[in-house]
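Q: Sharing a structure, written as structure tokens. Questions coming.
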Amino acid sequence: GNSVTQMEGPVTLSEEAFLTINCTYTATGYPSLFWYVQYPGEGLQLLLKATKADDKGSNKGFEATYRKETTSFHLEKGSVQVSDSAVYFCALTSSASKIIFGSGTRLSIRP
Amino acid sequence: EAEVAQSPRYKITEKSQAVAFWCDPISGHATLYWYRQILGQGPELLVQFQDESVVDDSQLPKDRFSAERLKGVDSTLKIQPAELGDSAMYLCASSLEGGQAITDTQYFGPGTRLTVL
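Quick note, the sequences are listed as chains A and B, same order. For the first sequence, the residue numbers in the working numbering are 29 to 139. For the second sequence, the residue numbers in the working numbering are 1058 to 1174.
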């Protein structure tokens, strides 16, 4: 069946550092891929998405590229801020599958 | 900005008791989802409604869990009797269409944190 694997946290970085959170997937067909963010005490918010191979999703300085050859959708940001501290979830869905989330990666940014 | 509302935000109960959670989706959203999120894990879909009809409840433990969306607007998720393993965050989400629109954005509420003692 379909599955999502993302790097374990917590990830701790200093402000203005470069961020990468790895996400790989297993899926039949042609899934759509998502990154969601969950700030403390809040529900999940869609951060970005990509619906076909080589698409790049971007939002709030975050980017992720749908790589079919490596079945990956890594999240990147060039310069993180303290306000980016949150839990990040990679997810996929397809015509044969409801949305499936990874286990989440907690990100903490030091001032 | 319209939001998904959930209540209560926190619930503490003893095992074997009944609990109920309420969700009010964004106005006009046809699809409503209930998820369970165990600490340290991603959300897992329990049930999906399209208007008032259930379209997926394959992961809902039907011996103790029930969900309804009688008028196709707000929804209630019930657990009876609650067990220790039910302690988790229960999230509600809604989307405009859902169904075959697999890239339809889901908007999440703040969740209800359940603790079963």
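By construction, the Cβ of each residue, glycine as well, lies at the ideal position given by its N, Cα and C atoms. Keep in mind it's a predicted model, so treat the numbers as computed, not measured.
To the nearest angstrom, report how far apart residue 1167(B) and residue 69(A) are at their CA atoms.
A: 7 Å
Q: In terms of alpha-carbon separation, which member of 138(A), 130(A), 51(A), 38(A) lies closest to residue 93(A)?
A: 51(A)
Q: Please list the partners that residue 117(A) has in chain B, where partner means a Cβ-to-Cβ separation under 7 Å.
A: 1099
Q: Once the 5 residues before and after residue 1059(B) are set aside, which same chain residues still bring their CB inside 7 Å of it?
A: 1083, 1084
Q: Decide yes or no for the touch test of the stretch 79-86 of chain A against the stretch 130-138 of chain A: beta carbon pairs closer than 8 Å, at least 3 of them.
A: Cβ pair count under 8 Å is below three, so no.
Q: So does residue 65(A) have its beta carbon nearer than 8 Å to some heavy atom of the ligand GDP?
A: You won't find the ligand GDP in this model; it holds no ligand whatsoever.
Q: Is the Cβ of residue 131(A) closer than 9 Å to any Cβ of chain B?
A: yes
Q: Among 1153(B), 1140(B), 1136(B), whose alpha-carbon lies nearest the alpha-carbon of residue 1106(B)?
A: If we check each option's Cα against that of residue 1106(B), 1153(B) comes out closest.
Q: Do you know whose CA, among 1116(B), 1066(B), 1067(B), lies nearest residue 1100(B)'s CA?
A: Among 1116(B), 1066(B), 1067(B), the Cα nearest to that of residue 1100(B) belongs to 1116(B).
Q: Taking CB distances under 9 Å as the criterion, tell me whether residue 1102(B) reaches chain A.
A: yes
Q: Measuring only between beta-carbons, confirm whether residue 128(A) sits less than 9 Å from chain B.
A: yes
Q: Does the beta carbon of residue 1113(B) come closer than 9 Å to any beta carbon on chain D?
A: Of the chains in the structure shown, none is chain D; the protein chains are A and B.
Q: Taking a contact to mean a Cβ-Cβ separation below 9 Å, would you say residue 1150(B) touches residue 1092(B) in this structure?
A: Taking 9 Å as the Cβ cut-off, residue 1150(B) and residue 1092(B) qualify as a contacting pair.
Q: Residues of chain A with a CB under 8 Å from the CB of residue 1049(B): which are they?
A: No statement about residue 1049(B) is possible, as the shown extent of chain B runs from 1058 to 1174 and does not include it.
Q: Can you tell me where the beta strand (DSSP E) with residue 132(A) in it begins and where it stops?
A: Taken as a continuous stretch (DSSP letters only), residue 132(A) belongs to no beta strand (DSSP E), as it is neither H nor E.
Q: Any idea what DSSP makes of residue 1112(B), helix, strand or coil?
A: strand
Q: DSSP three-state label for residue 111(A), please.
A: helix
Q: Looking only at C-alpha atoms, which of 1124(B), 1081(B), 1143(B) sits nearest to residue 1174(B)?
A: 1143(B)
Q: To the nearest angstrom, how far is it from the Cα of residue 1164(B) to the Cα of residue 1104(B)?
A: 15 Å
Q: List, in order along the chain, the chain A residues whose C-beta lies closer than 8 Å to that of residue 1142(B)?
A: The premise fails here: residue 1142(B) is roughly 18 Å from chain A at the closest Cβ pair, so nothing lies under 8 Å.
Q: Since I believe residue 1094(B) is in contact with residue 1148(B) (beta carbons under 8 Å), could you give me their beta-carbon distance rounded to a whole number of angstroms?
A: 6 Å
Q: When burial is assigned at 16 or more other CB atoms within 10 Å of the CB, is residue 1108(B) buried or exposed?
A: exposed
Q: Looking at the unbroken beta strand (DSSP E) that takes in residue 85(A), where does it start and where does it end?
A: 84-87
Q: Cα-Cα, which of 120(A), 138(A), 136(A) is closest to residue 1102(B)?
A: 120(A)
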